[in-house]
Amino acid sequence: MLEIRDLECGYGPVAALKGVSLGVGEGELVALIGANGAGKSTTLRAISGLVKPRAGSIKFRGEEIAGADPAHVLAAGVAHCPEGRRGFPYMSVADNLAMGAYLRRDPIKVREDFDRVYSDFPRLAERRAQPAGTLSGGEQQMLAIGRALMSRPKLVMFDEPSLGLAPTIVEQTLGIIRSIRDDGATVLLVEQNAFAALELCDHAYLIETGRVVRKGAGKELIADPLVRAAYLGG
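Letter 196 of the sequence shown, counting from 1, is numbered 196 in UniProt numbering, and no numbers are missing.
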């Protein structure tokens with residue numbers, strides 16, 4: 001579904017990605033792990049069009065999208081749930097969800113998706129008229145996930161979904177992401193909790209200083225001595 005080859009990105013003179021190559025198959029949950037600043041978030045931003053690559057290829061379902069406008073990438077079926085939730089704090093929960101569907105022209109199905117999100121996240125249904133900025137951290141994460149799903153994506157990208165959440169909410173959030181994959185969507189996950197990500201995923205890539213240095217099934221990387229020593233506490 002997604003194929004990245006020799007991707008290079010940077011910010012000014014700083015090279016953030018130095019020839020990253022990876023693939024995500026349809027229906028898979030793939031994780032990117034690594035230290036802060038390794039290039040994981042930049043990879044997602046390049047896919048969604050928020051960062052323009054200096055070189056390399058990003059193909060989604062056979063279409064080259066490297067350097068494409070973010071609206072085009074979203075319309076193609078890629079949703080990006082960013083780090084920090086990035087809600088519209090003064091808008092209601094319902095209006096935030098509607099923003100996730102702003103490119104769609106199928107009002108009946110959009111209403112069905114509102115009902116589905118409210119069914120999956122009853123707290124959002126209770127707070128649909130409440131300003132998003134007044135929600136708790138966990139509720140804001142639910143809203144960010146729900147907003148991404150409102151575009152009916154084929155690929156959902158999550159950037160650090162557990163960041164800043166209480167342990168019980170982290171478990172709930174990762175369970176929701178698993179259920180999204182189980183419902184048929186493809187998922188690309190960047191997650192600071194490397195062990196949880198590797199347990200959850202089908203395949204994973206370890207990124208260090210802008211390069212992929214390990215790849216394999218989640219269980220394989222959990223057993224890898226380098227990964228265990230550097231990211232799993234030995």
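The beta-carbon is built from N, C-alpha and C at its ideal position, and this holds for glycine as well.
Within 10 angstroms of the beta-carbon of Met-99 lie fewer than 16 other beta-carbons, which makes it exposed. Note that the C-beta distance between Ala-35 and Ala-197 is not below 8 Å.
Within the segment 14-55, the complete alpha helix (DSSP H) segments of 4 residues or longer fall at 40-48, listed in chain order. Cα atoms of Lys-40 and Val-213: separation of roughly 13 Å, rounded to the nearest angstrom. Burial state of Thr-42 is buried, judged by a 10 Å Cβ sphere holding 16 or more other Cβ atoms.
Ala-79: member of the beta strand (DSSP E) spanning 78-81, first to last residue. The C-alpha of Leu-189 is placed about 14 Å away from the C-alpha of Ala-148. Measuring C-alpha to C-alpha distances from Leu-17 to each of Gly-37, Met-1 and Glu-3 identifies Gly-37 as the nearest. For the 8 Å CB-CB criterion, Ala-66 and Pro-53 form a contact.
Around the beta carbon of Thr-186, 16 or more other beta carbons sit within 10 angstroms, so the residue counts as buried. Spatial neighbours of Arg-61 in its own chain (CB-CB distance under 7 Å, excluding positions within 5 residues in sequence) are listed in chain order as Met-1.
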